[in-house]
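So the sequences go chain by chain: A and B.
All residue numbers for the first sequence refer to our numbering, where the first residue is 1 and numbers rise by one.
All residue numbers for the second sequence refer to our numbering, where the first residue is 1001 and numbers rise by one.
Ideal Cβ positions, reconstructed from N, Cα and C, are used throughout, including at glycine.
Number of protein chains: 2
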Amino acid sequence: MSADNEAEAQEKLIDLAAEFYDQFERGDIPEMSVPTRTKSNIVFDEDENVWVYGDRESTRSANSVRGARKLLKAIYTIEFLSEQLEADRSSTLRELYYLSESWDVNEAQFSSQDESNQLVEDLEIVSEVTREDFHMRPEESGATIMGPLHLREQTRRGEREIHCQKDVGEGGYQIPNNPDTIEFLDHDADFVLCVETGGMRDRLVENGFDEEYNTIVVHLKGQPARATRRITKRLHDELDLPVTVFTDGDPWSYRIFGSVAYGSIKSAHLSEYLATPEAQFIGIQPEDIVEYDLPTDPLSDSDVNALESELEDPRFQTDYWEEQIEIQLDIEKKSEQQSLASHGLDFVTETYLPERLEAMGVL
Amino acid sequence: MSADNEAEAQEKLIDLAAEFYDQFERGDIPEMSVPTRTKSNIVFDEDENVWVYGDRESTRSANSVRGARKLLKAIYTIEFLSEQLEADRSSTLRELYYLSESWDVNEAQFSSQDESNQLVEDLEIVSEVTREDFHMRPEESGATIMGPLHLREQTRRGEREIHCQKDVGEGGYQIPNNPDTIEFLDHDADFVLCVETGGMRDRLVENGFDEEYNTIVVHLKGQPARATRRITKRLHDELDLPVTVFTDGDPWSYRIFGSVAYGSIKSAHLSEYLATPEAQFIGIQPEDIVEYDLPTDPLSDSDVNALESELEDPRFQTDYWEEQIEIQLDIEKKSEQQSLASHGLDFVTETYLPERLEAMGVL
């Protein structure tokens, strides 16, 4: 992130606080409005091709003691974040929660980490500055990359130039918490392949798939961290690479695809920053379970509920997903991506992925 | 891992299979004995200073259909592993489970992944070869290292020389699944600091603790993977570095320390390979909660049960742990390591860790 971003983030935070002063001055009761963050309040943005929040808003107003406390906490947090940016420091969401215990006004201290997490999200939405630009780090770390990509990372200790095949061990390149510190220097890639599980990621690397198919393999590590989604989007947008997503064949994994492609309900204000609407789902598709005769487990009740909930989720209301989900509800089975090993350890790299990528028009 | 290891692993596997033939030839019913893997069957090995399995054994014998099937599965697995070593391939435990579906005898196929996992552990114990030397990879990946350490990793794509501060981004060096592919070239470290949470690991790196105190910071990522414990032990044994462990102050985190220092019950056959008995616990100690006036949460019922269970665990029966656990049961509170932020973001690196490391004789 550039110093420009930091200065701008600081300015926008201070603008928020200034707005409270203006409201006081006008004789208004200070308040802050944020979009309602529920599934029923996300709408499709035709221009950006992502799902964003709709028009419904919740207002935090100082017209009640509870509302006034929320605004007080916001002011203290704004001050902390602004000082943090000034000093070029950063902190985790959990540290912010604990740090509030040192604040001089007891009423401004957070009573739970949920409260401080939510406030930071509110500030992100209202200020239109990302948490990363506030220098707030997540608890969970980003995942890894392996592929023909040469990059430069700006670290606190200076610049590091790293080739994500030649300069890393078998574990790959560890994505930093804020991937906007990365500049792409050069690459020899034809597409990006995001992989859900570590076992499959290791299989692709062992089989040399990234070398043979000029693929940047991004390990999602289950539900991907923001850093992982952000760098995936940047690989697509800046390097003009197709992005494909390879997960288990069950409703929880379709949500993983959804969070890469469409953004999540919790962070719909960040869809433009995190989502890659052009991302394509490789599989495991329900029809693959039948076609490739994969080992399966029966759907549990919660699997069925999750599939039915996806049918009603606006992000999954496409012909493709409706057909796949109907197939799965019909066959009542799910398969893991590693179940491809039932046809041998090379089946995934020699048969399944090439066939799917060709069908999708990526190869 | 060297080719020697691979040849030796293969030989030991084939010896196991040959033993079944010998039993047949002698007119004996084939059987395989493995130590009983429960808390009541681990004993302290005075020579190696680690906890290992005691004398109690369970026998898998072909004198029942169930037992005969277990041995059949063992034979098929031995053949697979031996071929895998021959071809210099590797696979995950989950792949092995699915791969068994391609075996020609239905009776040899695993009915659940628990069954294949347990068999591989049995084979480890009986053959005295580690899973890594069978080329079996875990699902979970190792964590990261940041510190003044220069190493060489032998990858499938050739050797990689990496300095764990100068050649890596802020995310650090990703530990490979089998850290015995690593050779330590040079270092400038005074001690190793293993850290439970990502938030604290990032705090130490941001504050430059690894540079200021010549520390190799190993991120444990919760309960550490085998790869993480193995490299920690090697840093201790080969570089003669003190190992310290910094976790949250609750019974689950003491188990994390325990698995680094004493080994786990599940893998007591590997204690000599994975455990670092000289590892010291930094904290958060229950007495620190009082002394540093840290923000706390009340102990839950399951916390209390876990503490009481630790008092009866042979690995925790030392004066130190009995005292600390008694303090915690008495104050009825626990604290996270990030709660040190209640005294400011630099308190952990400027005050807490230097004080604790001095008290422990590490600094």
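Residue range L149 to T155 is occupied by the beta strand (DSSP E) that includes A:L151.
Closest by C-alpha distance to B:N1214, out of B:I1231, B:V1243, B:P1224 and B:E1238, is B:V1243. A residue is called buried once 16 or more other Cβ atoms fall within 10 Å of its Cβ, and B:S1100 is buried on that count.
The criterion of a C-beta distance shorter than 8 Å is satisfied by A:L93 and A:Q113. Using a Cβ-Cβ cut-off of 8 Å, B:A1341 counts as an interface residue toward chain A, since at least one Cβ of chain A sits closer than that to its own. Residue burial annotation: A:D22 is exposed, with fewer than 16 other C-beta atoms found within 10 angstroms of its C-beta. Taking the Cβ atoms as the reference, B:R1137 lies roughly 7 Å from B:S1091, within the contact range of under 8 Å.
Distance from the CA of B:D1122 to the CA of A:G172, rounded to the nearest whole angstrom, comes to 31 Å. Judged by their CB atoms, B:T1077 and B:L1119 are nearer to each other than the 8 Å cut-off. Taking 8 Å as the cut-off, the beta carbon of A:T155 is found no closer than this to the beta carbon of B:G1198. Closest in alpha carbon position to B:E1086, among B:G1067, B:E1272 and B:E1006, is B:E1006.
Considering only A:D190, A:P251 and A:S58, the residue with the shortest C-alpha distance to A:A306 is A:P251. Under DSSP, the beta-bridge partners assigned to A:C194 are A:V218 and A:V245. For B:Y1098, the nearest CB of chain A lies under 8 Å from its own CB, placing it at the interface with that chain. Secondary structure at A:P179: helix, using DSSP grouped into helix, strand and coil.
Beta-bridge partners assigned by DSSP to B:K1333: B:P1298. Judged by DSSP in its simplified three-state form, B:M1360 adopts coil rather than helix or strand. The Cβ of B:P1224 sits no closer than 8 Å to any Cβ of chain A.
DSSP, read as helix, strand or coil, puts A:P35 in strand. With respect to the C-alpha of A:S58, the residue from A:H269, A:M32, A:E11 and A:M360 having the closest C-alpha is A:M32. Put simply, the region 7–14 of chain A does not touch the region 63–71 of chain A. Fewer than three CB pairs are less than 8 Å apart. Counting of Cβ neighbours within 10 angstroms places B:Y1320 among the exposed residues, the total staying below 16. A:S90 reaches chain B at E1206, counting residues in chain order whose Cβ is nearer than 7 Å.
Of all residues in the region 1027–1041 of chain B, none places a beta-carbon less than 9 Å from a beta-carbon of chain A. Under the three-pair Cβ rule at 8 Å, the region 159–166 of chain A does not count as touching the region 229–249 of chain A.
In the structure shown, the three-state DSSP call for A:W252 is helix.
Counted as a single uninterrupted DSSP element, the beta strand (DSSP E) harbouring A:R60 occupies residues E57 to S61. If you draw a 10 Å sphere on the C-beta of A:F24, you find fewer than 16 other C-beta atoms in it, and that means exposed.
DSSP, read as helix, strand or coil, puts B:E1161 in strand.
Going by beta carbons, B:N1041 and B:G1027 fall outside the 8 Å limit. Apart from the 5 residues on each side of it in sequence, B:P1286 sits with its Cβ closer than 7 Å to the Cβ of G1249, Q1324, I1327, Q1328 and I1331 in its chain, given in chain order.
Against chain A, the beta carbon of B:D1055 has no neighbour under 9 Å; the closest one sits roughly 36 Å away. Under the three-state reduction of DSSP output, A:T349 falls in the helix class.
Secondary structure at A:W51: strand, using DSSP grouped into helix, strand and coil. Interface criterion met: the Cβ of A:N177 is under 8 Å from a Cβ in chain B.
Closest in alpha carbon position to B:K1039, among B:I1282, B:V1195, B:F1257 and B:F1316, is B:F1316.
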